[in-house]
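Residue 495 in the working numbering sits at position 179 of the sequence shown, and the numbers go up by one each step.
By construction, the Cβ of each residue, glycine as well, lies at the ideal position given by its N, Cα and C atoms.
One structure is given here, and the rest of the page talks about it.
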Amino acid sequence: LIRRVSAKVQPRNPKLIRGIGDDCAIWRPAPGEDLVFTTDFLLDGVHFTRDLYSARDIGHKTLARGLSDIAAMGAAPQFCLLSLALAPDVDRRWVDAFYSGLLKLASRFGVVLAGGDLSHSDRVLCDIFVCGAVPKGRALQRRGARPGDSIYVSGRLGRCWREYRRPLPRIELGFALRGRASACMDLSDGLSLDLHRLCTVSGVAAALDRIPVRRGFTIEQALHGGEDYELLWTMPARRQPPRGAIRIGSIVEGPPGRVMLEGKPIPTRGYDHFRQ
Ligand SMILES: [Mg+2]
317 LIRRVSAKVQ
327 PRNPKLIRGI
337 GDDCAIWRPA
347 PGEDLVFTTD
357 FLLDGVHFTR
367 DLYSARDIGH
377 KTLARGLSDI
387 AAMGAAPQFC
397 LLSLALAPDV
407 DRRWVDAFYS
417 GLLKLASRFG
427 VVLAGGDLSH
437 SDRVLCDIFV
447 CGAVPKGRAL
457 QRRGARPGDS
467 IYVSGRLGRC
477 WREYRRPLPR
487 IELGFALRGR
497 ASACMDLSDG
507 LSLDLHRLCT
517 VSGVAAALDR
527 IPVRRGFTIE
537 QALHGGEDYE
547 LLWTMPARRQ
557 PPRGAIRIGS
567 IVEGPPGRVM
577 LEGKPIPTRG
587 YDHFRQ
């Protein structure tokens, strides 16, 4: 399996000195860049079910989750590591389709699969690690929103994992926000919870005046639903936002983390993995 996977790995990258096939991968970063790292689970029964998702969908989404975090930092994805636990009933075709989905997305964004681990479990478990690079000191962060900043999202909201099998990470938008956004994150747990997190670390509150709802979804889903994989960011109101940005409100002074919609506080009810 490892031989079949490493034969499929594209693209090569000159910074990758050693990829699949040794105890560790070796990566030589360019001078003047900061590296950013993220790791994400994609779990059978939590983030997908195998009746609703094909093996290709699962491979795609595993990497897309990690890439969405890289996009939120304004970084360019470099390489990834994948730890995969296979359920007893998956066959060779399933595994090949999984890697096809993952590697197709990887080649679209120039990410090289540099290694990982394989094991077995009663359910399919995918754990993706992604490294991104950004010019030194230019990574976007969640902290940095200031009262008076406008709040934007990159698309209409309300999707949940049942409908959204192949999210496309907003990598190019992340580049465009470097040096312009005061704070940025990706929406993976719902607007109300994610904006609350951004405001909490920035020490500010938010006043929303409109919620862009996807056709066929409700405002409740747009506020508290899960996995939009859009970017959420703030920038000074006088600054021109990139094309496609939807303004949803502004940052205000107030109790850190409080989010208001049309003057009323909204509950932070996004997807919390630890809620009973
Ligand atoms: Mg994130």
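Check                                                                                                                                                       : Outcome
Under 9 Å, Cβ to Cβ, is there at least one residue of chain B near residue 563?                                                                             : Of the protein chains in this structure there is only one, and it is not chain B.
At which residue ranges does the stretch 359 to 438 contain complete alpha helix (DSSP H) runs of 4 or more residues, listed in the order of the chain?     : 371 to 388, 408 to 424
Residue 569: buried (16+ other C-beta within 10 angstroms of its C-beta) or exposed?                                                                        : exposed
Are the Cβ atoms of residue 382 and residue 413 separated by less than 9 Å?                                                                                 : no
What I want to know is whether the C-beta of residue 499 ends up closer than 8 Å to one or more non-hydrogen atoms of ligand 1.                             : no
What is the DSSP secondary structure of residue 331, reduced to helix, strand or coil?                                                                      : coil
Once DSSP output is grouped into helix, strand and coil, what is the label at residue 515?                                                                  : helix
Under the DSSP definition of a beta bridge, which residues are partnered with residue 580?                                                                  : 577
Should residue 437 go down as buried or exposed, given a rule of 16 or more other Cβ atoms within 10 Å for buried?                                          : exposed
Can you give me the Cβ contacts of residue 557 inside the same chain, cut-off strictly under 6 Å, excluding the 5 residues immediately before and after it? : 468
Within 8 Å: the Cβ of residue 504 and any heavy atom of ligand 1?                                                                                           : yes
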